[in-house]
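> Numbering of the sequence shown is given in full-length UniProt numbering, commencing with residue 1 and proceeding in unit increments.
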Amino acid sequence: MKALVTGGAGFIGSHLVDHLVSQGLDVIVVDNLSMGNIHNIRQLDRVRVYVEDIRNKEFMQRILQEEQPDYIYFLAAVASVADSIKRPAETHSVNHMAVFNMLEYIRKTDLQIKQFLFTSSAAVYGNLPELPKKEDSRVEPLSPYAIDKYSTERFVLAYGDLYNLPTVCVRFFNVYGPRQNPSSPYSGVLSILTDCLEDNKVFNLYGDGTQTRDFIYVEDVIQALWLITKRHTQHKRHTQHEVFNVANGVETSLNSIIKTYEKVTNSTLRINHMKGRLGEVKRSVANVDKLMRLGYATNWSLEAGLREYWEGEKNEASRN
Ligand code: NAD
Ligand code: UD1
Numbered sequence: 001m002k003a004l005v006t007g008g009a010g011f012i013g014s015h016l017v018d019h020l021v022s023q024g025l026d027v028i029v030v031d032n033l034s035m036g037n038i039h040n041i042r043q044l045d046r047v048r049v050y051v052e053d054i055r056n057k058e059f060m061q062r063i064l065q066e067e068q069p070d071y072i073y074f075l076a077a078v079a080s081v082a083d084s085i086k087r088p089a090e091t092h093s094v095n096h097m098a099v100f101n102m103l104e105y106i107r108k109t110d111l112q113i114k115q116f117l118f119t120s121s122a123a124v125y126g127n128l129p130e131l132p133k134k135e136d137s138r139v140e141p142l143s144p145y146a147i148d149k150y151s152t153e154r155f156v157l158a159y160g161d162l163y164n165l166p167t168v169c170v171r172f173f174n175v176y177g178p179r180q181n182p183s184s185p186y187s188g189v190l191s192i193l194t195d196c197l198e199d200n201k202v203f204n205l206y207g208d209g210t211q212t213r214d215f216i217y218v219e220d221v222i223q224a225l226w227l228i229t230k231r232h233t234q235h236k237r238h239t240q241h242e243v244f245n246v247a248n249g250v251e252t253s254l255n256s257i258i259k260t261y262e263k264v265t266n267s268t269l270r271i272n273h274m275k276g277r278l279g280e281v282k283r284s285v286a287n288v289d290k291l292m293r294l295g296y297a298t299n300w301s302l303e304a305g306l307r308e309y310w311e312g313e314k315n316e317a318s319r320n
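And the structure:
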């Protein structure tokens, strides 16, 4: 079995690649390394990495024809809400058009794909009052990022129905863990917090810190993705053309996670208070019953996940 992982040198993608390799799959990666790093992939000798932009249509079509993957995991994206507000046209070309072009190509060819999985986001739910968010809750995408995720997700599912393609979507909530790149101001908050705590840097806190997120450790995300793939292979009807929340099911404010992380690291964060960011979601928490019905169970509480993440970072630092 062969899997193509776009964005496979990135944070979540590289953990997925590790897992797929460990399960005996032949894995290929397409990543332009704009945020990813080739060394995120642990068993490089067992993975074929193409450093290329997913917007290169001819290249992507050639790879599909030459490699004929059974599974496609579409993770490549500009993952930042704030970045999409700064660069809406650029992010649209990656977060929507590149996926759409691939679907169009697959529809018109006789490629025998077993599963096409698209990674959407909790950002699609926006600020409507219903909490926790269920997969059939109303959506209110507030940023170019969220609009692209929602519209792409709809295309992926509709193409599945209309052209009989084996598609499925996941809506990740806020994922954290090793290899999340902290280098940009648009990086995920926990990678930035880790970086600040490690080097005693000042952390810019946007808004009053009462905004909430549903944080999930990356290993639980991989558990969910693999479960969906396995269920898909056994009983397609449970997963085909469906969308799944992938989260912990616990609502945590930014203020509270800062406190927990200070406790775990036994240090005090230096904070610079900033105005809240535009287009942001105020409260976010998932209902994960649908995923649990597939057999999912959270293995990592927030505190245990943060501890594991921090220990890993310290070990990494002492090796360098
Ligand atoms: P990431 O930035 O670490 O990974 C994305 C990867 O895509 C990077 O390696 C980057 O180099 C690559 N990439 C970006 N643009 C590309 C392009 N034009 N061509 C080829 N490669 C390109 O982000 P991540 O956190 O691992 O996110 C993976 C996916 O999950 C994304 O689709 C993201 O939107 C989605 N997601 C992430 C979270 C989260 O909390 N991290 C939550 C919801 C959804
Ligand atoms: C994150 C993901 C996005 C995903 C979404 C799902 C990243 C970069 N973003 O977006 O891909 O779709 O979860 O819910 O992985 N903050 C600060 N200071 C900082 C950075 C962030 O205060 O230096 C605040 C933000 O203003 C926000 C919160 O922390 O209120 C979380 O920010 P961020 O990690 O960027 O996550 P989301 O915007 O939720």
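Even glycine gets a Cβ: it sits at the ideal position worked out from N, Cα and C.
Spell out a yes or no on whether the region 234–241 and the region 297–306 are touching, meaning 3 or more CB-CB pairs, one atom from each, closer than 8 angstroms.
Verdict: no, contact absent.
> Among G312, M1, Y105, I28, which has the Cα closest to the Cα of Y176?
It is G312 whose Cα lies nearest to the Cα of Y176.
> With respect to 7 angstroms, is the separation between the Cβ of E280 and the closest non-hydrogen atom of the ligand ATP below this value?
In the structure on display, the ligand ATP does not appear, and the ligands it does have are the ligand NAD and the ligand UD1.
> Using the rule of at least 16 other Cβ atoms within 10 Å of the residue's Cβ for burial, across every protein chain shown, is A122 buried or exposed?
It is buried - the Cβ of A122 has at least 16 other Cβ atoms within 10 Å.
> Under 7 angstroms: does the beta carbon of G126 sit that close to some heavy atom of the ligand NAD?
Checking every heavy atom of the ligand NAD against the Cβ of G126, none is found closer than 7 angstroms.
> Run through DSSP, which three-state label would R42 get?
R42 falls in the coil class under three-state DSSP.
> Suppose you measure from the CA of D169 to the CA of T239; what does that come to, to the nearest Å?
Asp is not the amino acid found at residue 169; the sequence shown has Cys there. Cα to Cα, the separation comes out at about 9 angstroms.
> What three-state label does DSSP hand K2 in the structure shown?
The answer is strand: DSSP assigns K2 an E or B state.
> Can you tell me where the beta strand (DSSP E) with M274 in it begins and where it stops?
Residues 270–274.
> Please return the same chain residues whose Cβ sits closer than 6 angstroms to the Cβ of V124, not counting the five positions on each side in sequence.
For V124, where only same-chain residues beyond five positions count, the Cβ hits under 6 angstroms are V139, P141, A146, K149, Y150.
> Give the straight-line distance between the Cα atoms of N181 and H39, rounded to the nearest whole angstrom.
Answer to the nearest angstrom: the Cα atoms are 12 angstroms apart.
> Closest by CA to D31, which one among T298, G10, N174?
It is G10 whose Cα lies nearest to the Cα of D31.
> DSSP beta-bridge partners for Y265?
The sequence given here places Thr at residue 265; Tyr does not occur at that position. According to DSSP, T265 bridges with nothing at all.
> With DSSP as the reference, identify every bridge partner of V170, one or two as the case may be.
Looking at the DSSP assignment, V170 forms a beta bridge with T119, F244.
> Please name the residue or residues paired with D195 in a DSSP beta bridge.
D195 pairs with nothing; no bridge assigned.
> Residues in its own chain within less than 6 angstroms of Y206 by CB, not counting five upstream and five downstream?
Cβ within range, chain order: M274, G276, R277.
> What residues in its chain sit with their C-beta under 7 angstroms from that of Y159, if we drop five residues either side in the sequence?
Within the same chain, Y159 has close Cβ partners L103, R107, L165, T167.
> Taking DSSP's pairing of strands, which residues face R48 in a bridge?
Answer by DSSP bridge pairing, in chain order: I28.
> Counting along the chain, where does the beta strand (DSSP E) carrying N204 start and finish?
Segment 202–206, the beta strand (DSSP E) holding N204.
> Suppose the cutoff is 6 angstroms on Cβ atoms and the five residues either side in sequence are ignored; what does the same chain contact list for P132 look like?
Within the same chain, P132 has close Cβ partners V285, A286, N287.
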